[in-house]
Amino acid sequence: MELTKLSIKSMREKLVSREITSAELLASFSERKDEYFAYVTQTSDLAVESAQVADLRIAAGENAPLLGIPGAVKDNICTDGIKTTCASKMLADFIPPYDADVVQRLKQSGYVLTGKTNMDEFAMGSSSQTSVFGGVKNPYDVTRVPGGSSGGSAAVVAARLAPFALGSDTGGSIRQPASFCGVTGIKPTYGRVSRYGLVAFASSLDQIGVFTKTAADSAEVLNVISGYDKRDATSANVPTPDFTSYLNRDVRGLRIALPDEYFGDTVGDDVRTAVLNAAKYFEESGATLVPCSMKVFDYAVSAYYLLACAEAASNLSRFDGVKYGLRGEGATYEQRIVDSRNKGFGAEVKRRILLGNYALSSGYYDAYYRKAQALRQEIIKEYNDVFTKADIILTPTAPEPAFKIGSSENDPIKMFLADICTVMANIAYLPGINTTCGYTDDGLPIGMSLIGKRFDEGGIIGAADFFERNFRRKDIP
Amino acid sequence: MWSTMLKPTIGLEIHAELLTQSKVFCTCPASFGGSENSRCCPVCSGLPGTLPVLNQKAVEFIIRAGMATECDISLFTKWDRKNYFYPDLPKAYQISQMPRPVCLNGKVRLKSGKVIRINRIHLEEDAGKLTHEGGATLADYNRCGIPLIELVTEPDFASAEEVTEFVAEIRARYMYCGISDGKMEQGSLRVDVNISLADEHADTLGTRSEIKNLNSLRSIARAIEYETHRQGEILGKGGKVTQETLRFSDGTGETSSLRSKEDAHDYRYFPDPDIPPVLITEEEIAVIRGTMPEMPSSRYDRYVNKCGIPHKDAENIVADKHLSDFFDEAATLLDEPRKIANYLLSELLYRINLGEGTTDNLPFTPADFVRVIELVEGGKVSRSHLKDILREMLATGSKPDSICEQNNYLIKEDLSLVSDTIDKILAENVAAVAQLKNGEQKVFGFLMGKANSLLKGAATPKIIKETLEKKLK
Amino acid sequence: MDNKTFEHLCVLSKLSFDDESAETTRRQLDGIIALMDKVKAIDLTYDDTLDKNEVPFASLRADKAEEPFSPERLLSNTQPKNDCYVIPKMMNVE
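Chains as they are written, first to last, in our numbering: chain A, 226 to 702; chain B, 358 to 830; chain C, 222 to 315.
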């Protein structure tokens with residue numbers, strides 16, 4: 226029996242029936258080697274211990290949703306007593322004295338932490354190549370990037386090093402790597418999952434989400450990590466539905482919008498074809514396709530980077546080499562702080578800090594930051610209009626499939642533009658899920674995104690689950 | 358002479374720490390002091406991944422401050438980040454309020470009738486404490502995140518006297534609403550002064566300097582006087598005042614230049630994405646308004662105009678909310694406000710000023726105090742025992758009646774004993790009685806003295822005097 | 222972007238660059254800003270009261286103090302002195 230291919234639900238059933246133990250389950254994942262630089266830290270000893278504890282709890286008749294299930298956590302999510310580096314030299318030795326809210330919830334549900342996953346430095350990037358520890362490789366083709374910034378988490382799930390991994394998504398950092406690595410990745414509605422303990426990149430856009438093999442698995446994990454947290458004032462005090470109740474449904478009567486702008490020249494032919502084929506399949510299965518237009522599309526990337534970098538510049542100011550993090554040299558406070566930041570941050574992070582300060586600085590604020598805020602309101606308005614005619618929106622996740630390592634991740638503008646399909650959902654606080662809808666001739670996965678109304682993760686999980694049950698995935702051997 | 362032509366224009370920023378239980382954006386205790394970094398958590402220490410969560414009481418308290426100063430209370434209010442690097446600010450930004458503060462457009466009337474306009478009051482977080490030791494600086498973040506309100510006036514002041522009256526008034530009002538302890542010496546209330554000089558007929562203001570962190574009324578007055586003089590001399594010589602931030606030294610009595618916090622002076626304010634804006638309803642405002650105490654200026658008017666208390670006494674009572682509350686309660690029990698004021702200031706406050714107690718923690722009730730007044734005024738206890746009774750009440754909180762009983766202070770009014778004792782005195786002092794009858798009036802005092810000392814506690818001096826007079830007729 | 226603006230941004234960001242990397246970074250920023258300039262083309266005004274992300278006053282955190290962290294745990298990622306963070310010599314302070 227290939228345990229790593231099981232759904233989380235069947236793993237739980239086999240654990241509960243004592244057919245397998247958590248230790249065996251963990252071993253089946255840890256036997257597989259991380260050849261992709263997917264992890265920054267592997268917590269192997271701790272994992273073995275946690276699995277043993279889980280087995281005792283199961284033997285004692287305890288029943289928690291993820292009891293005994295292995296899982297990985299992106300390395301920008303704080304874990305008490307375990308290094309949390311953000312893949313940056315700045316935090317290479319940082320050990321948080323607290324758990325993120327999601328980690329507390331996972332612990333309470335009995336998960337087994339396998340390790341902290343590699344990423345773009347401070348989650349800034351779409352390739353997972355800006356990690357100070359070395360770039361992540363795509364399990365489908367190790368000469369290609371896994372996408373980013375949560376590339377490590379995507380690779381962990383694709384390579385079946387763990388059945389699930391948490392990621393964070395600020396402008397596509399879950400959905401895009403999920404599409405490059407051929408797995409399911411969901412970014413919940415802003416506020417659905419607490420950000421407490423997530424090292425902030427852009428606070429109004431960041432959202433923690435989940436990578437899994439399937440939408441059905443993502444429902445299991447999302448059930449655990451969702452919910453109001455009094456330590457995050459932006460977390461929503463709304464009830465968490467049972468997301469698994471949206472599984473195994475059909476799509477009859479579902480209205481799916483296809484915004485024209487997402488299917489123009491900006492996306493490659495094979496991507497367009499694969500996503501339109503998926504749309505056709507939905508239609509044949511009883512859904513209605515709704516053509517529509519989102520005029521703000523052309524401005525979205527600019528608005529996104531202005532908002533994200535402005536917030537990032539402020540969020541990353543706290544790294545001064547005094548309280549924690551890389552300690553630079555210099556006899557005076559002023560010299561120390563500049564030296565710490567010069568050495569601690571990589572080129573992409575520095576560019577974004579500079580850009581963010583530019584957008585906020587006196588004389589430029591109104592033209593850039595304030596205009597981006599206005600665009601945000603406009604984007605939300607356009608989504609609201611679309612959602613009067615449709616239940617979900619279907620778009621490509623990325624313009625192209627995974628690109629070659631070294632091909633374009635050093636061209637900042639090209640990298641910014643590659644986020645064009647994903648940033649709008651973050652700007653509008655909406656949930657989005659990526660699932661695989663096709664493969665290129667070279668066997669590279671192509672992903673599509675389903676965007677839902679605020680707090681309608683159930684709707685997009687249900688649609689993705691329907692598609693997945695009728696689509697043949699090409700798993701990594 | 359320059360001094361006759363140049364007039365100062367002064368504006369203020371008054372910072373006050375709020376008396377909440379917890380800090381403004383985290384649940385650490387907001388109390389003063391504590392050993393280094395012992396009142397901190399990952400949030401107020403600025404550790405990565407942590408988030409601020411706004412304290413409702415801090416918002417209620419700034420609303421109270423706004424009501425105390427006739428501000429408009431905003432129904433929609435937001436918090437912004439003020440970005441600058443300084444080691445007392447662990448996040449490298451201070452959470453403050455820029456375009457949408459809680460309070461706007463207030464005013465306070467000085468005793469002269471002049472109105473000082475308040476531009477705004479906003480709610481922000483305090484910074485940590487740095488101590489410079491040898492070559493290094495040590496940072497303690499206990500104070501980080503203590504709620505701080507900043508009141509900004511229009512440049513409406515023309516003298517140090519107006520400024521100190523205003524600061525004292527704001528301090529009293531904050532203490533009256535229970536939002537600040539007003540302790541300037543501990544830094545829980547601190548003042549920045551903006552000051553510029555210009556020709557009295559000029560229609561534009563001169564270049565201003567800002568004196569930071571003044572923490573006593575005396576320093577404020579001295580700093581303003583020094584700075585007025587300094588700028589006057591510069592302008593008098595035809596020079597130009599530089600716009601700068603200054604500190605005032607209590608030791609030298611002089612101002613000196615302070616390095617600015619951010620060399621670039623570009624704070625890049627933007628709405629804090631971690632803190633959603635807050636909506637306050639008219640109903641919530643009405644509820645808070647319903648709990649507002651009468652302000653000191655209005656109490657002062659009442660004491661002077663309705664109670665007939667002298668100005669100075671009214672001022673002294675109002676200056677201390679605890680005293681004023683005590684007075685008001687006592688006045689509901691005894692309709693003699695002037696008498697109460699008199700006993701309160703010359704007897705009770707006198708003892709308190711000697712260090713026998715504090716007004717915020719009196720161990721007895723206004724009813725007990727009124728009882729003391731009644732005992733003395735009703736002739737039940739000699740006035741000479743008053744200080745002993747009050748001293749014991751302050752020390753033990755005992756009831757006045759039991760103190761008097763235990764110490765034999767109660768005048769028994771034993772008329773036969775008075776009569777017998779006076780007869781005896783007159784018999785023993787035949788010569789004196791003869792002198793008195795010859796018209797030597799001063800001898801009466803001698804006899805009164807004898808009677809008083811022998812009859813102490815047996816009767817009031819009035820009865821003794823009447824009996825003596827009767828027997829001498 | 223002129224040199225002065227770039228220098229100003231470096232001061233605000235507490236970063237510094239040697240001549241060569243300054244030139245590269247500045248050129249890259251110019252390219253990015255050209256992309257950002259797109260937002261100037263659209264005529265929109267921002268009204269913060271329309272964000273609709275406010276929370277009611279009644280939902281704010283109740284004022285209750287909780288046990289703080291121990292200095293030992295808080296300062297575990299630095300080398301403290303007397304339970305304080307140590308800051309190198311500051312210029313122009315008392």
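Just so you know, even glycine gets a beta-carbon here, dropped at the ideal spot from N, CA and C. Since we're looking at a predicted model, the values are computed, not measured.
Report the neighbours of residue i on chain A: residues whose CB is nearer than 8 Å to its CB, in chain order.
i: residue 410(B); result: 455, 456, 457, 458
i: residue 261(C); result: 592, 596
Residues of chain B with a CB under 9 Å from the CB of residue i: which are they?
i: residue 413(A); result: Near residue 413(A) there are no residues of chain B at all, since even the closest Cβ is about 17 Å away, more than 9 Å.
i: residue 183(C); result: As shown, chain C starts at 222 and ends at 315. That puts residue 183(C) outside it, with no answer to give.
Are the C-beta of residue i and some C-beta of chain C separated by less than 8 Å?
i: residue 493(B); result: yes
i: residue 557(A); result: yes
i: residue 669(B); result: no
i: residue 618(B); result: At residue 618(B), the pLDDT of 46 sits below 50, so the modelled position is not reliable; the number obtained from the coordinates is stated separately. No - not a single Cβ of chain C is within 8 Å of the one on residue 618(B).
i: residue 538(A); result: yes
Mind checking if residue i is an interface residue toward chain B, Cβ cutoff 8 Å exclusive?
i: residue 547(A); result: yes
i: residue 243(C); result: no
i: residue 222(C); result: no
i: residue 316(C); result: Since the first and last residues shown for chain C are 222 and 315, residue 316(C) lies out of range.
i: residue 292(C); result: yes
i: residue 281(C); result: yes
i: residue 367(A); result: no
Along chain B, in chain order, which residues have C-beta atoms closer than 8 Å to that of residue i?
i: residue 534(A); result: The premise fails here: residue 534(A) is roughly 12 Å from chain B at the closest Cβ pair, so nothing lies under 8 Å.
Mapping the DSSP letters down to three states, classify residue i as helix, strand or coil.
i: residue 283(C); result: coil
i: residue 358(B); result: Residue confidence is low: residue 358(B) scores 44 on pLDDT, short of 50, so the model does not pin down where it sits. Its coordinate-derived value is still stated next. Three-state DSSP puts residue 358(B) in coil, outside helix and strand.
i: residue 645(A); result: coil
i: residue 822(B); result: helix
i: residue 612(B); result: strand
i: residue 394(A); result: strand
i: residue 261(C); result: helix
i: residue 231(C); result: helix
i: residue 618(B); result: Per-residue confidence for residue 618(B) stands at a pLDDT of 46, beneath the threshold of 50, marking its modelled position as unreliable; the derived number appears in the next sentence. DSSP places residue 618(B) in coil when its eight states are reduced to three.
Name the chain A residues that come within less than 7 Å of residue i, Cβ to Cβ?
i: residue 447(B); result: 543, 548
i: residue 755(B); result: Simply none; closest approach about 48 Å.
i: residue 632(B); result: 458
Give the residues of chain C in contact with residue i, contact being defined as C-beta atoms less than 7 Å apart.
i: residue 529(A); result: Here the premise fails: no neighbours, minimum Cβ distance about 10 Å.
Could you check whether the Cβ of residue i sits closer than 8 Å to any Cβ belonging to chain A?
i: residue 303(C); result: no
i: residue 315(C); result: Below a pLDDT of 50, predicted positions are generally treated as unreliable, and residue 315(C), at 42, falls in that range; the measurement from the model is reported next regardless. No, because no Cβ of chain A sits closer than 8 Å to the Cβ of residue 315(C).
i: residue 299(C); result: yes
i: residue 625(B); result: yes
i: residue 728(B); result: no
i: residue 720(B); result: no
i: residue 444(B); result: yes
Using the beta-carbon count (16 or more within 10 Å), is residue i buried or exposed?
i: residue 752(B); result: exposed
i: residue 710(A); result: Chain A is shown only over 226 to 702; residue 710(A) falls outside these bounds and no answer can be derived.
i: residue 636(A); result: exposed
i: residue 824(B); result: buried
i: residue 417(A); result: buried
Give the interface partners of residue i over in chain C, defined as CB-CB distance under 9 Å, in chain order.
i: residue 333(A); result: In chain order: nothing, as chain C lies at least about 20 Å away.
Could you name the residues of chain C that residue i contacts, counting a contact when the two beta carbons are closer than 8 Å?
i: residue 608(A); result: In chain order: nothing, as chain C lies at least about 13 Å away.
i: residue 576(A); result: 246, 249, 250, 253
Could you tell me which chain B residues have their CB closer than 7 Å to the CB of residue i, listed as they occur along the chain?
i: residue 270(C); result: 433
If we cut at 8 Å on Cβ distances, does residue i have a partner in chain D?
i: residue 309(C); result: Of the protein chains in this structure, namely A, B and C, none is chain D.
### Task
Would you be able to state if there are at least three C-beta pairs under 8 Å between the segment 555 to 568 of chain A and the segment 591 to 604 of chain A?
no
### Segment contact flag, the segment 662 to 672 of chain B with the segment 624 to 634 of chain A, C-beta cutoff 8 Å, min 3 pairs
Counting Cβ pairs under 8 Å, fewer than three are found: no touch.
### Task
Please determine if the segment 754 to 764 of chain B and the segment 788 to 803 of chain B are in contact, where contact requires at least 3 C-beta pairs separated by less than 8 Å.
no
### Query
Are three or more beta carbon pairs between the segment 334 to 349 of chain A and the segment 274 to 292 of chain A nearer than 8 Å?
The segment 334 to 349 of chain A makes contact with the segment 274 to 292 of chain A, as at least three CB pairs between them are under 8 Å.
### Query
Do the segment 601 to 611 of chain A and the segment 629 to 647 of chain A make contact, defined as three or more Cβ pairs closer than 8 Å?
no
### Cβ pair count under 8 Å reaching 3, the segment 461 to 474 of chain B against the segment 509 to 528 of chain B
yes
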